[in-house]
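Participant:
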Amino acid sequence: MKEKRRDIVNDSMQALHALAKLMPLLNSQCSLSEMLGTINRVLGSTLAWVSVDDDDGLQRVVCAGDVTCHSFEVTDFLASTTLQRHNRSWRVVYWKEHIGRALFPPQHPGYTQLQSGVLCKLSSHDWHCSGYFFLAFDERLNSLPILKNIVVVLVEKLKDYFEEIIAREKTAQEMQRVVTQYKTLFERAPVLMNSFDKHNRCVLWNAECEKVFGWSMAEVAAHSDPLVLFYPDPEERRRVRESVHVSPLKDMYEWHPLRRDGMQLTILWSNILLPDNSILNIGLDITERKKAELQLAVKATTDDLTGCFNRSAILQKLKSALAANSRQDADSQFCVLMFDLDYFKQINDEWGHLVGDAALIHFCDRLREISPAGSALGRVGGEEFLLLLARTDGDAATRLSNQLRHILKAKPLLVGDRKLELAFSAGVVEVGLGQRDTSALLTRADKALYDAKRTGRGKTVLASDYL
Numbered sequence: 034m035k036e037k038r039r040d041i042v043n044d045s046m047q048a049l050h051a052l053a054k055l056m057p058l059l060n061s062q063c064s065l066s067e068m069l070g071t072i073n074r075v076l077g078s079t080l081a082w083v084s085v086d087d088d089d090g091l092q093r094v095v096c097a098g099d100v101t102c103h104s105f106e107v108t109d110f111l112a113s114t115t116l117q118r119h120n121r122s123w124r125v126v127y128w129k130e131h132i133g134r135a136l137f138p139p140q141h142p143g144y145t146q147l148q149s150g151v152l153c154k155l156s157s158h159d160w161h162c163s164g165y166f167f168l169a170f171d172e173r174l175n176s177l178p179i180l181k182n183i184v185v186v187l188v189e190k191l192k193d194y195f196e197e198i199i200a201r202e203k204t205a206q207e208m209q210r211v212v213t214q215y216k217t218l219f220e221r222a223p224v225l226m227n228s229f230d231k232h233n234r235c236v237l238w239n240a241e242c243e244k245v246f247g248w249s250m251a252e253v254a255a256h257s258d259p260l261v262l263f264y265p266d267p268e269e270r271r272r273v274r275e276s277v278h279v280s281p282l283k284d285m286y287e288w289h290p291l292r293r294d295g296m297q298l299t300i301l302w303s304n305i306l307l308p309d310n311s312i313l314n315i316g317l318d319i320t321e322r323k324k325a326e327l328q329l330a331v332k333a334t335t336d337d338l339t340g341c342f343n344r345s346a347i348l349q350k351l352k353s354a355l356a357a358n359s360r361q362d363a364d365s366q367f368c369v370l371m372f373d374l375d376y377f378k379q380i381n382d383e384w385g386h387l388v389g390d391a392a393l394i395h396f397c398d399r400l401r402e403i404s405p406a407g408s409a410l411g412r413v414g415g416e417e418f419l420l421l422l423a424r425t426d427g428d429a430a431t432r433l434s435n436q437l438r439h440i441l442k443a444k445p446l447l448v449g450d451r452k453l454e455l456a457f458s459a460g461v462v463e464v465g466l467g468q469r470d471t472s473a474l475l476t477r478a479d480k481a482l483y484d485a486k487r488t489g490r491g492k493t494v495l496a497s498d499y500l
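The letter at position 122 of the sequence shown is residue 155 when you use our numbering, and the numbering goes up by one with no holes.
Here it is in structure tokens:
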């Protein structure tokens, strides 16, 4: 090998043959490291490297050979005083021996291994230096001018390749960087991202999907029909498929898939049509937000103490019932019961306000126990309540009121070892078809309640008896 190397670099004809063999092997489709490896193999060099300045002013170094060389060693070498002593107009510099000492620190194997070497500037089209090409050998060569000429010819051949290869590799690196960023975004984004192909197979499933739904991509992909996991209802599943494959959604719409443990979620989904005609599903899990909104809505309409509707909410219920009643719907007829606890001030004075609060809760709990489905109970004042009974006449409402009295006697409020039996007065209004005046209705109920209290308390008065 050494003999062949001497022939190549010490004999002009051999040098020409080597170049003729080498040139067809070099093209811009190679990577820089592949190209340098080919040069080493054909010329018998031990180390080859290229240092090129990129568009950002940063130095890029690519090395190949039996000796390991790092970019910082190249940078130090190019900045060395030995190199700077040469006139700025130089194009090629060569070393007959000990090039390893100029390139590496003493502890590096190449410090003693490398002997001869040659360095050539790479010139751009405007003749500015754009980089360097370097070759080194592990023995002392006799005729370095021939090696110098070989390198000059190589550089002329390769400088355009270098620019093209570096631009291509830089573009590839940039593309890889973008791909890595988008992959990181896809995996770590706090939004749901997934995609199913036309055969309903899962092809994308990010970490947020696994976190929210509890299924890994492998588990979803292994299922013959993954949507069954999230939408057991066939009709809902059909609508989901239609939204994904037939008419992609431009806005976000609310869906209610199931989590792995069976809990129903609330997800805002939107579909994005990709250039390859596949569809990316992007979703936001708003389950907790919906729960919070529901809790706020309940709190806004609920009496904190008794848990029944507050004054505003029960009056709104009454308005809605009257609006339905005004449409002449026979099923919209209803009754209104207005209750007032008897002697409630005495309860507060004798037993204290905590017991007074407990009395209100006890009264509402017992009333809710016997109220039919579809009824609505609300607190309109301190100890005053309103009950709406759908599809009920005055007689049925009066019977329910009497039933409540019996229950309150049978189940008095227990205060320690004492019993507090609650009593109340009530007024009933039977709402006929076409009635829509809320104020007039409440006035009639209040008058019936007042008559019940005026005539001895503990009774229920039907307002229609006093028209």
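Don't be surprised by glycine CBs; every beta carbon is placed ideally from N, CA and C.
The structure displayed is predicted, hence computed values, not measured ones.
Can you tell me the Cα-Cα spacing of G295 and M371, whole angstroms?
Facilitator: 43 Å
Participant: How about I300 and L306: do their beta carbons lie closer than 7 Å?
Facilitator: no
Participant: Can the beta-carbon of G70 be found less than 7 Å from the beta-carbon of A97?
Facilitator: yes
Participant: Please determine, among H386, C102, L482 and A473, the residue with the shortest C-alpha to C-alpha distance to T431.
Facilitator: When the alpha-carbon of T431 is set against those of H386, C102, L482 and A473, the nearest one is in L482.
Participant: So if DSSP puts Q297 in a beta bridge, which residue, or which two residues, is it bridged to?
Facilitator: L291
Participant: Does DSSP classify D230 as helix, strand or coil?
Facilitator: coil
Participant: With DSSP collapsed to three states, give me the class of E207.
Facilitator: Looking at E207 - three-state DSSP - the assignment turns out to be helix.
Participant: Short of 8 Å in beta carbon distance, which residues of its chain neighbour V51, apart from the five on each side in sequence? Order them along the chain.
Facilitator: The identity of residue 51 in the sequence shown is Ala, whereas the question assumes Val. I41, V75, L76 and I183.
Participant: Give the secondary structure of L338 by DSSP, where H, G and I count as helix, E and B as strand, and everything else as coil.
Facilitator: coil
Participant: Could you check which residue in S404, N343 and L59 has the C-alpha nearest to that of Y194?
Facilitator: L59
Participant: Would you please state the rounded distance, in angstroms, between the beta carbons of W384 and L338? I believe it to be under 8 Å.
Facilitator: The pair is not a contact, with the Cβ atoms about 16 Å apart (cut-off 8 Å).
Participant: On a Cα-Cα basis, can you pick out the residue from K324, R134, S163 and L177 that is closest to Y127?
Facilitator: L177
Participant: By the 10 Å Cβ neighbour count, where 16 or more other Cβ atoms means buried, how is A333 classified, buried or exposed?
Facilitator: exposed
Participant: Is the beta carbon of L446 less than 7 Å from the beta carbon of H395?
Facilitator: yes
Participant: Please return the same chain residues whose Cβ sits closer than 6 Å to the Cβ of S64, not counting the five positions on each side in sequence.
Facilitator: none
Participant: Which same chain residues, not among the five before or five after E130, have their C-beta less than 7 Å away from its C-beta?
Facilitator: Around E130: Q148, S149 and R173.
Participant: Using alpha carbons as the reference points, say which of V461, E287, Y376 and A429 lies closest to R490.
Facilitator: Y376
Participant: Have a look at W288 and P405 and give me their C-alpha separation to the nearest angstrom.
Facilitator: 33 Å
Participant: M371 by DSSP, collapsed to three states: which one?
Facilitator: strand
Participant: Just to confirm my understanding: we take V107, look at its own chain, exclude 5 residues before and 5 after, and list those with CB closer than 7 Å. What are they?
Facilitator: Annotation for V107: W82, S84 and V94 place their beta carbon closer than 7 Å to its own, counting only its chain and skipping 5 residues before and after.
Participant: Count the other CB atoms, across all protein chains shown, that sit within 10 Å of the CB of V236; report buried if there are 16 or more and exposed otherwise.
Facilitator: exposed
Participant: Across which residues does DSSP place R451 in a beta bridge pair?
Facilitator: V448
Participant: Where do the N-terminal and C-terminal ends of the beta strand (DSSP E) with A409 fall, by residue?
Facilitator: A409 to R412
Participant: Mind checking which residues open and close the beta strand (DSSP E) that includes S507?
Facilitator: What is shown of the chain runs 34 to 500, which leaves residue 507 out entirely.
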